[in-house]
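These protein sequence lines are chains A and B, in that order. Quick note on numbering: numbering that gives the first Met the number 0 labels position 478 of the first sequence as 477, and the sequence is numbered without any gaps. Quick note on numbering: numbering that gives the first Met the number 0 labels position 21 of the second sequence as 20, and the sequence is numbered without any gaps. Just so you know, even glycine gets a beta-carbon here, dropped at the ideal spot from N, CA and C.
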Amino acid sequence: MKLNYRVLVFIAAAIFGLALSAPSLLSLAKGPKITLGLDLQGGLHMLLGVDTAEAIRSKIKSLASSIKYAAEDEDLIIDEFKVRDGKISFELLDKDDIPKMDEILKKIEGIAIGKEGMKYTISLTPEEVASVKKYAITQAVDTIRNRLDQFGLAEPTVAKQGADKILVEVPGIKTPEQEQRIRELIAKAAHLQLMAIDEERAARVDQMTPAEAAKYGDVILPDAQNPDRKYLVKEIPILDGSMLTDARVAFDRNNQPVINFSLNSQGAQIFGDFTGKNVGKRLAVVLDNKVYSAPVIRERIGGGSGQISGGFSVKEAHDVAIALRSGALLAPVFMEEKRSVGPSLGADSIKASMIALITGFLAVVLFMVLYYGIAGVIADVALVVNLFLILAVMALFGATLTLPGMAGIVLTVGMAVDANVIINERIRELLYEGKSVAKAIEQGYANAFSAILDANITTLIAAVVLYAYGTGPIKGFAITMSIGILASMLTAILGTHGIWQMVEQKIEKGGLNKWFGIKVAGGNA
Amino acid sequence: MELFRYKKPIPLMAKAKIFFAVSIIAVLASWALIAFKGFNYGIDFAGGTLVQVKYEGKVPLQKVREAVKASKTFEGASVNYFGSEDEIVIKVRTSSKKLGTDIGDEARKLLEGTGTFEIRRVDMVGPKVGSELREKGLMALVLAIAGILLYVSFRFEWRFAVASVMALVHDISIAMGALVLFNVEVNLDILAALLTILGYSLNDTIIVFDRIREGLTTVRSSKLADVIDESVTRTLSRTTLTSLTTFFVVLTLFAMGGEIIHGFSFTLLVGIVVGTYSSIFIASPLLMMMGFDVEKYRQKLAEKKKREQEKEKLRAMYEQGTV
């Protein structure tokens, strides 16, 4: 027996396969491992959409309030101030104010100004719209990632997908309740506002319509615990969550959970000034457009810290604090696709596909030995190495094994022996023609090569397309198929060829039945 | 062991018309099924919600159905056993956009009091994603076929490429027809199965074509039918063996792989049978129909060889400095 380069490559591949698949198979602590897809280990997969139209709306709203603020600051009198269909429109009453107004608008970036006499229409430029949308998505990705990281789960994935979607994957969720809590945490807008109660008209709030409130520059907001209770608050908030630096859960005197928050220096300044000027009036703590509390201001509050109380459960308070700390969502997110698999179903799927894999594998292995004799054994050796190679390559690249991926491996078992069937059939043909064993083997491999190559490449083309266009689990199927095809070229062609070259001298005259499973009259070797 | 022993070519091409007739009927019937009955799209492509629930013991199906009927969200929902009598899936065409409390949570509340159960899976696909996935899926099929067409044209000849793609269309059509006939729910995994059939059936066809390509230069007769008969017969053993092993492997997947990959393995089973049939009986006769001329092919090969020899000669002369 002589070693040749083919056998050496094959042995190297076998060692590589065994060494790198061992950590995954034996669940060793060290070494690269295959990650199980969410469909096998259980978990939550979500594709979220971002309501970017809402981000544009709020951008225009804040633009409107800053134009209004600047105009008032310069004592410009404006009339018919309206925000409609993404456009701000107003009219100046005094011709002499035009240059001043133009000066104000010049300073604002990303707007298109339409002017008709003293009538102004202002809209966002298409570039600005695109950039606001883009920012809303990036910000949502960052915020959601922050929240999930702080929630303390194992390796959540949050990534932008396509132009306007967010992929969220959270493995290791045990119960539907836990899953719901995570979804709620992600969905929280966490928009904190401190707003002044309109004390002059607050008594009439129950009789007021939203339109009437708007006339006074007020909005009507419901109580967080009792939706029937209403508050009349000034539309423009004193402060919002963007000036928040921290939020923590604490407990009040009655041992109820509350959230203590602190503001940055600018926020502390504004808060201090406001409370100093408005002693005796009420301040509403508003979270996501619900009033949590509206305490009376007793004295100037310096130091920039506040509290949100209002019947939270401990879990809720914890989640709200996380959401506040990680910032508000600029645009609401909504569900486009959700797939959640419980851990027990994942375990069942693994079991079922393992049984199928082992049964199918044994059937193929046995068939090959029965049909081809030792040639079948050699093909089986290649098949085993092929399996380990697939696992090793997947572990090396940190690929994910999904349920369709398992099916892909099962299928590869069926297809990987194909190369050896083709080769063995060719060798048999040549033996029947009376060629010597050595010649039959060499020529058999040569004749079979083009067929195997072309067949594998076309299958690979289908697998690559599947990978490019597939999502999640389907990608897993394409990966295992592709790796399986490439690995089979190495094991089934190169590997078995090497083994034959090593043992061909041993093939005794008349031993064709034992070696190739055929009886040839006369016998040749 | 040996099941097929080559003795002499089987005269298959003489009966090509019969196979064509059978295939045309099957393909037309499949198209009719697809057009008139249509696919049973699952939630992946149609959008909707699927809730898989496992009970401790037998599912109180009557109770569950009543509970589901009483709910507005689950209007028109279907409740069916899933694999065994202690597991069900509830399917409904609606999906909720809300993140906070979704249809899965509602199902949990709805089923309270029907027994001890565990919600094992909730899949929800919005209508927009559903149609996107459908478009992407179609795109994948078309692209895969185009890629294969190109590769085969490059490695063989255009008629081979067209014949193999026609055989593919034949296989995919019949597999799709079977999906409609047996009312298999079409989801993403079915698409993966169809693409696998594409690769697999092509695999078979290519191996036969490879033999024909070889036979064009080795078989003495210059009649295409003879070359094909000889090549198909010679590869018959391999084709059947591989198909059989793959068929058995997929059969174990179908029988033991669990309910979730049932549709997937069913599609593959059909595909393997049809794919094997078409690569033997359909793809090669198509070559004949398209007027592939053995003599011309041989002439072309000879000319190519001659040109190469001349080039070689010129190069040799050039290197020796005689030009």
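Beta-carbon proximity of residue i to residue j, cut-off 7 Å
i: A:Ala-330; j: A:Val-49; result: yes
i: B:Val-91; j: B:Val-78; result: no
i: B:Val-124; j: B:Ile-144; result: no
i: A:Arg-5; j: A:His-496; result: yes
i: B:Val-52; j: B:Ile-118; result: yes
i: A:Glu-79; j: A:Glu-90; result: yes
i: A:Leu-43; j: A:Ile-172; result: yes
i: A:Thr-525; j: B:Asn-182; result: As shown, chain A starts at 0 and ends at 524. That puts residue 525 of chain A outside it, with no answer to give.
i: B:Thr-266; j: B:Ile-189; result: yes
i: A:Ala-415; j: A:Leu-465; result: no
i: B:Leu-236; j: B:Val-293; result: Reading the sequence as shown, one finds Ser at residue 236 of chain B and not Leu. Against a cut-off of 7 Å, the Cβ pair of B:Val-293 and B:Ser-236 comes out as no contact.
i: A:Val-363; j: A:Val-412; result: yes
i: A:Ala-54; j: A:Ala-135; result: yes
Chain-order list of residues whose beta-carbon lies under 7 Å from that of residue i (same chain, five-residue window excluded)
i: A:Arg-427; result: Phe-515, Ile-517
i: B:Lys-6; result: none
i: B:Arg-212; result: Phe-155
i: A:Gly-443; result: Ile-422, Arg-425, Ile-426, Leu-429
i: B:Tyr-296; result: Leu-215
i: A:Ala-188; result: Asp-287, Ala-327, Leu-328, Pro-331
i: A:Ile-300; result: Phe-270, Gly-271, Thr-274
i: A:Leu-184; result: Arg-146, Phe-150, Asp-318, Ile-321, Ala-322
i: A:Arg-83; result: none
i: A:Ile-235; result: Ser-64
Close Cβ partners of residue i (< 6 Å) along its chain, the five nearest in sequence each way excluded
i: A:Ile-87; result: Ala-63, Ile-121
i: A:Ala-267; result: Gly-303
i: A:Leu-17; result: Phe-387
i: B:Thr-48; result: Val-91, Ser-94, Ile-102, Met-123
i: B:Val-121; result: Val-50, Gly-103
i: B:Phe-19; result: none
i: B:Ser-172; result: Val-26, Ser-29
Chain-order list of residues whose beta-carbon lies under 8 Å from that of residue i (same chain, five-residue window excluded)
i: A:Ser-352; result: Leu-402, Met-405, Ala-406, Val-409
i: A:Ala-524; result: Unreliable placement is indicated for A:Ala-524, whose pLDDT of 45 sits below 50; no coordinate value is reported for it.
i: A:Lys-438; result: Leu-429
Coarse secondary structure for residue i, derived from DSSP in three states
i: A:Tyr-215; result: coil
i: B:Ile-89; result: strand
i: A:His-496; result: helix
i: A:Val-140; result: helix
i: A:Val-232; result: strand
i: B:Lys-222; result: coil
i: A:Tyr-119; result: strand
i: A:His-44; result: strand
i: A:Asn-523; result: Caution is warranted here: a pLDDT of 49 is assigned to A:Asn-523, below 50, making its placement in the model unreliable, and the coordinate value is therefore given only provisionally. Of the three classes helix, strand and coil, the one that applies to A:Asn-523 here is coil, per DSSP.
i: A:Gln-306; result: strand
i: A:Ala-292; result: Per the sequence shown, residue 292 of chain A should be read as Ser rather than Ala. A:Ser-292: strand per DSSP, three-state reduction.
i: A:Thr-208; result: coil
i: B:Met-288; result: helix
i: A:Ala-188; result: coil
Residue i burial status per 10 Å Cβ neighbour count (16 or more: buried)
i: B:Thr-217; result: exposed
i: A:Thr-358; result: buried
i: A:Tyr-291; result: buried
i: B:Gln-308; result: exposed
i: B:Ile-17; result: exposed
i: B:Leu-149; result: exposed
i: A:Glu-168; result: buried
i: A:Asn-254; result: exposed
Delimiting residues of the beta strand (DSSP E) encompassing residue i
i: A:Tyr-92; result: The sequence given here places Leu at residue 92 of chain A; Tyr does not occur at that position. Taken as a continuous stretch (DSSP letters only), A:Leu-92 belongs to no beta strand (DSSP E), as it is neither H nor E.
i: B:Pro-10; result: Unbroken run through B:Pro-10: none, as it is neither H nor E.
i: A:Thr-156; result: 156-160
i: A:Ala-467; result: Segment 436-468 is the alpha helix (DSSP H) holding A:Ala-467; no beta strand (DSSP E) there.
i: A:Lys-337; result: 332-340
i: B:Thr-48; result: 47-54
i: A:Leu-152; result: Note, A:Leu-152: premise wrong, no beta strand (DSSP E); not H, not E.
i: A:Asn-259; result: 256-262
i: B:Asn-79; result: 77-81
Closer than 6 Å: residue i CB and nearest the ligand ADP heavy atom
i: B:Gln-298; result: The ligand ADP is not among the ligands present in this structure, which contains no ligands whatsoever.
N-terminal and C-terminal residue of the alpha helix (DSSP H) that residue i is part of
i: A:Val-82; result: From DSSP, A:Val-82 is part of no alpha helix (DSSP H) but of the beta strand (DSSP E) over 77-83.
i: A:Asn-385; result: 373-395
i: B:Met-175; result: 157-180
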